[in-house]
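Enquirer:
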Amino acid sequence: MSSTENSPAGEHVQTGLPVEEKRVLCGTGKRDSEESGPLRSFLEFSLGGQWYAVDLGHARRILRPSPIARVPGAPSEVVGLMNRAGEVLAVLDLEKAMGMKGEVRGPREEGGFVLVLHLGGKEAGLLVDAVEDTWEIPVDKILPVLETVDSARARFFEGTVARDGRFVGILNVSICLNP
Amino acid sequence: MNVLVVDDGTSLRGYDCGDVMGIEEIPSPPETGDRAEFLVRLGRLGSPKGVRCREIVGFYSFAEPDVHPLPQVVKERMTGEVPWGVGITERGLCLLY
Numbered sequence: 013m014s015s016t017e018n019s020p021a022g023e024h025v026q027t028g029l030p031v032e033e034k035r036v037l038c039g040t041g042k043r044d045s046e047e048s049g050p051l052r053s054f055l056e057f058s059l060g061g062q063w064y065a066v067d068l069g070h071a072r073r074i075l076r077p078s079p080i081a082r083v084p085g086a087p088s089e090v091v092g093l094m095n096r097a098g099e100v101l102a103v104l105d106l107e108k109a110m111g112m113k114g115e116v117r118g119p120r121e122e123g124g125f126v127l128v129l130h131l132g133g134k135e136a137g138l139l140v141d142a143v144e145d146t147w148e149i150p151v152d153k154i155l156p157v158l159e160t161v162d163s164a165r166a167r168f169f170e171g172t173v174a175r176d177g178r179f180v181g182i183l184n185v186s187i188c189l190n191p
Numbered sequence: 745m746n747v748l749v750v751d752d753g754t755s756l757r758g759y760d761c762g763d764v765m766g767i768e769e770i771p772s773p774p775e776t777g778d779r780a781e782f783l784v785r786l787g788r789l790g791s792p793k794g795v796r797c798r799e800i801v802g803f804y805s806f807a808e809p810d811v812h813p814l815p816q817v818v819k820e821r822m823t824g825e826v827p828w829g830v831g832i833t834e835r836g837l838c839l840l841y
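Order-wise, the sequence lines are chains A and B.
If you use this note's numbering, the first sequence corresponds to residues 13 to 191, in order.
If you use this note's numbering, the second sequence corresponds to residues 745 to 841, in order.
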């Protein structure tokens with residue numbers, strides 16, 4: 013099943029999700045502020061005890077992982093390839109891409125999801141622990157990347173949002189999809 | 745296209761049947777109890793080489809809809825031998841070399 017929705021930014025978002033999964037993507041759609049001004053919509057997910065968000069315009073689907081074929085010779089950030097209804101989808105490990113392997117991290121939840129991102133004709137799935145919510149936020153509420161994030165990892169982010177007493181890193185989808 | 749599909753223990757690999765010059769069985773020492781392996785000899789472009797594998801899965805005739813390019817995000821990250829495509833089989837995805 014596929015559906016087209018209007019994002020708050022006026023863009024058409026091809027979610028392509030079954031009804032029960034599409035509800036996850038639509039989430040509460042709540043605003044973080046009643047202030048006026050340009051808004052951006054994000055999809056928030058958790059991974060390794062951290063919170064991340066991607067621009068909703070770059071989120072295409074949320075899938076349950078199916079068997080993943082490894083690709084010999086690919087770097088460790090490439091988990092492998094997944095057959096998605098007759099199409100071949102690359103699956104990436106964001107933590108390994110950011111060089112977080114071996115760092116202390118929270119327990120990974122069982123199961124998880126593959127969040128499919130697209131940008132400029134490129135598409136890939138990210139392994140995530142859970143999809144949390146979608147929300148809108150005024151552009152002027154997006155903070156710079158935290159100074160505590162090391163420079164190698166900082167390039168993966170375009171900013172930070174403070175929500176419910178925690179920081180959510182906004183991913184730079186272009187960096188995630190390009191080596 | 746006709747492809748010989750093998751399992752190297754990590755992934756399924758497919759080679760154009762026209763490139764396959766022969767298949768040799770490599771017996772394992774009896775005391776190990778391991779299964780025999782295979783050496784697929786390829787004669788691609790005048791530079792013959794062998795590919796060791798655990799299992800000969802079989803010959804596949806791929807229809808066009810079952811053959812896909814390697815996703816760009818993977819291709820851009822790879823060094824060394826890069827599969828030119830990916831085939832869909834009932835055993836899973838097969839990397840085409």
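Glycine included, each C-beta is placed from N, C-alpha and C at the ideal position.
These figures come from a predicted structure and were not determined experimentally.
1) Suppose you measure from the CA of V157/A to the CA of L783/B; what does that come to, to the nearest Å?
2) Can you tell me where the beta strand (DSSP E) holding C797/B begins and where it ends?
3) Between which two residues does the alpha helix (DSSP H) holding T153/A run?
4) Span of the alpha helix (DSSP H) holding E808/B?
5) With respect to the alpha helix (DSSP H) encompassing L189/A, which residues constitute its N-terminal and C-terminal limits?
6) Pull the bridge partners of W63/A from the DSSP assignment, please.
7) Residue range of the beta strand (DSSP E) that A136/A falls in?
8) Of all the CB atoms in chain B, is at least one closer than 8 Å to the CB of K134/A?
9) Which of the three DSSP states is assigned to E170/A in this structure?
10) Can you check which of these residues, E148/A, D67/A and G98/A, is closest to T833/B by C-alpha distance?
11) Is DSSP giving R117/A helix, strand or coil here?
12) Going by the beta-carbon positions, is the gap between W56/A and D176/A smaller than 8 Å?
13) Compute the beta-carbon to beta-carbon distance between L75/A and V128/A, rounded to the nearest angstrom, for a pair I have assumed lies under 8 Å.
14) What did DSSP end up calling V817/B once you bin it into helix, strand or coil?
15) Within 8 Å (strictly less), CB to CB, does R798/B reach chain A?
16) According to DSSP, is R72/A part of a helix, a strand, or is it coil?
17) Classify G824/B as buried or exposed, calling it buried when 16 or more other Cβ atoms lie within 10 Å of its own Cβ.
18) For the candidate residues S163/A, V151/A, N190/A and G85/A, whose alpha-carbon lies nearest to that of G49/A?
19) May I ask you to list, following chain order, the residues of the segment 80–106 of chain A that have a beta carbon less than 9 Å from some beta carbon of chain B?
20) Mark N746/B as exposed unless 16 or more other C-beta atoms lie within 10 angstroms of its C-beta, in which case mark it buried.
21) Secondary structure at S53/A, three-state DSSP: helix, strand or coil?
22) Taking C-beta to C-beta, are L814/B and G836/B nearer than 8 Å?
23) Do the segment 752–763 of chain B and the segment 786–799 of chain B make contact, defined as three or more Cβ pairs closer than 8 Å?
24) For a cutoff of 8 Å on Cβ pairs, would you count L139/A as touching chain B?
25) Answer yes or no: do D763/B and L786/B have a C-beta to C-beta separation smaller than 8 Å?
26) Quick one: grab the DSSP three-state call for T160/A.
27) Return helix, strand or coil for D763/B, following the three-state DSSP convention.
28) Taking 8 Å as the threshold (C-beta atoms), are M822/B and A166/A in contact?
29) What three-state label does DSSP hand T776/B in the structure shown?
Expert: So, from the listed chains and residues:
1) About 52 Å.
2) Its beta strand (DSSP E) spans residues K793 to C797.
3) Looking at the sequence itself, residue 153/A is Lys, so the reference to Thr does not match. Run containing K153/A: none; DSSP gives neither H nor E here.
4) Going by DSSP, E808/B is part of no alpha helix (DSSP H) at all; its letter is neither H nor E.
5) Unbroken alpha helix (DSSP H) run through L189/A: V185 to L189.
6) Beta-bridge pairing links W63/A to S58/A.
7) A136/A -> beta strand (DSSP E) spans K134 to V140.
8) Chain B places a beta carbon closer than 8 Å to that of K134/A, counting this residue as a contact.
9) In the structure shown, E170/A sits in a strand (DSSP, three-state: E or B).
10) Cα-wise, what sits closest to T833/B is G98/A.
11) For R117/A, the predicted structure reports a pLDDT of 48, less than 50, and the residue's modelled location is therefore unreliable. A value from the coordinates is still provided. Looking at R117/A - three-state DSSP - the assignment turns out to be coil, as it is neither helix nor strand.
12) It is worth fixing the name first, because residue 56/A is Glu in this sequence and not Trp. Contact flag unset, no.
13) That belief holds up - the Cβ atoms of L75/A and V128/A are roughly 6 Å apart, short of 8 Å.
14) V817/B: helix per DSSP, three-state reduction.
15) By this cut-off, R798/B is not an interface position.
16) Three-state result, R72/A: strand.
17) It counts as exposed.
18) Checked all of S163/A, V151/A, N190/A and G85/A; the closest Cα to G49/A is V151/A.
19) Against chain B - using a Cβ distance shorter than 9 Å - the residues of the segment 80–106 of chain A are I80, A81, R82, V83, P84, G85, A86, P87, E89, V90, G92, L93, M94, N95, G98, E99, V100, L101, A102 and L104.
20) Exposed, because fewer than 16 other Cβ atoms sit within 10 Å of the Cβ of N746/B.
21) Here DSSP, grouped into helix, strand and coil, assigns S53/A to strand.
22) Not a contact, by the Cβ cut-off of 8 Å.
23) The way I'd put it, the segment 752–763 of chain B does touch the segment 786–799 of chain B; three or more beta-carbon pairs between them come closer than 8 Å.
24) At a cut-off of 8 Å between C-beta atoms, L139/A does not count as an interface residue with respect to chain B.
25) Yes, these two residues count as a Cβ contact at 8 Å.
26) DSSP, reduced to helix, strand and coil, places T160/A outside both helices and strands of the structure shown, so it counts as coil.
27) Looking at D763/B - three-state DSSP - the assignment turns out to be helix.
28) The Cβ atoms of A166/A and M822/B lie no closer than 8 Å to each other.
29) If DSSP states are grouped into helix, strand and coil, T776/B belongs with the helices.
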